[in-house]
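So the structure is just underneath, and the comments pick up after that.
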Amino acid sequence: AGQVIEIEAETSHAAADVIFRTLFSLPIEHEVARAVFEEFRNYQRSQPILNLGALLPLPRWMPRLFRKDTRASAARIRALITELTQERMQQIKEGTAPDDLATKIMTQADPETGARFDTEEMVDQVAIFFLAGHETSASALAWALYLMATHPEWQERLAEEAQALETCDFTVMSKLKLSRDVFRETLRLYPPVPMMVRENSCPERFRDRDVKKGAQLVLSPWHLHRHERLWDNPDGFDPTRWQTENGKQCQREAFIPFSAGPRVCTGAGFAMVEGPLILSRILRDFRVTAQPDRVPVPVAHLTVRSDKGIWLALSKR
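As numbered in my numbering, residues 25 to 341 make up the sequence shown, in order.
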């Protein structure tokens, strides 16, 4: 029957490992990397909704709605990231820094002023990359595995496709078309960020209503992705939809798991490589089976997670 595990904890660990290796060339087993990961789990438990603002410096006039334990956890995360950032800055000065994302960000100069990020700004950048980048990927990957467990025919198709994975470099992505469609369908049904807020930059007339400049607009990918006026079979799991005319049109006009426009998620391309690749690697080696007595119910925490975890049985192929 296989070993039954709570898969969200495992995908969080995997995604954190990926983002730390990408940023600092450090595995999650590294002392500081693990401390950031563990502290972030505390932060997640103390914060019921997505709130990256606690980690970033805000104007004094802005109200603080964060719980005391959330602020304390955020402060510890920033202290740990500051330690990594200062160490990397020293390595850059000495010419011993690895060629990873953190080094690229720190050494990139503004094309107009020539200025570079100072330590505080760099900590902000790393905090967002890690917190937004690992939690969202972990959520999507966990739900993708659940959908594979509840749709075994698709699981077998992905497992067969994954036999082409001799290596883990970027070139294999062209061979993972089914996995990309499955991951995209997961993002449609379970968008990691179920709602987002944008501020109106100019007066607008929308559906016979005046929307003032500065108005706060709440966008809901969750509702948009399941809108019956837009999508064929909106609540159904159908990865083939992305090859249909309706699916292609909706992908352009009604699919925003990474937001859209000037503030689109900078990690969208990264996520669409990481997610399908890890999904394929898992299904190549393991068969996942759902637990009928533990049907996950999606709830919005930092991202869309299950209320009591996503429990799956894994057995070696």
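Even glycine gets a Cβ: it sits at the ideal position worked out from N, Cα and C.
Bear in mind that the values here come from a model prediction, so they are computed numbers and not experimental data.
Judged by pairs of C-beta atoms under 8 Å, the segment 285-303 does not touch the segment 257-266, as fewer than three such pairs exist.
When Cβ pairs closer than 8 Å are counted between the two stretches, the segment 166-185 is seen not to touch the segment 121-135, the count staying below three. At least 7 Å separates the beta-carbon of Leu202 from that of Glu228. Three or more beta-carbon pairs separated by less than 8 Å link the segment 243-251 to the segment 203-220, which places the two stretches in contact.
Measuring C-alpha to C-alpha distances from Val150 to each of Arg112, Ala162 and Ser339 identifies Arg112 as the nearest.
Put simply, of Arg140, His54, His158 and Ala337 the residue whose alpha carbon is nearest the alpha carbon of Thr327 is His158. Taking a C-beta distance under 7 Å as the contact criterion, Ile52 and Phe154 do not qualify as a contact pair. Note: Gln27 is bridge-paired with Leu338 in the DSSP secondary-structure output. Between Thr35 and Ala173, the gap from beta carbon to beta carbon reaches 7 Å or more. Taking the Cα positions, Ser161 is about 33 Å away from Lys237. Between Gln275 and Arg181, the alpha-carbon positions lie close to 23 Å from each other. Counting along the chain, the unbroken alpha helix (DSSP H) around Thr131 starts and ends at Leu125 to Thr131. The three-state secondary structure of Pro281, taken from DSSP, is strand. Counting along the chain, the unbroken beta strand (DSSP E) around Ala324 starts and ends at Pro322 to Ala324.
Counting every other CB atom within 10 Å of its CB across the protein chains shown gives Leu241 a total below 16, marking it as exposed.
Straight-line measurement puts the Cα of Lys340 at about 39 Å from the Cα of Arg100.
Taking the Cα positions, Arg204 is about 7 Å away from Met296. Here the alpha carbon of Thr210 sits roughly 43 Å from the alpha carbon of Gly119. Counting only the Cα atoms, Ser97 lies some 15 Å from Val147. Met219: not part of any beta strand (DSSP E); DSSP gives it neither H nor E. Under the three-state reduction of DSSP output, Asp148 falls in the helix class. The alpha-carbon separation between Ile306 and Ile280 amounts to approximately 26 Å.
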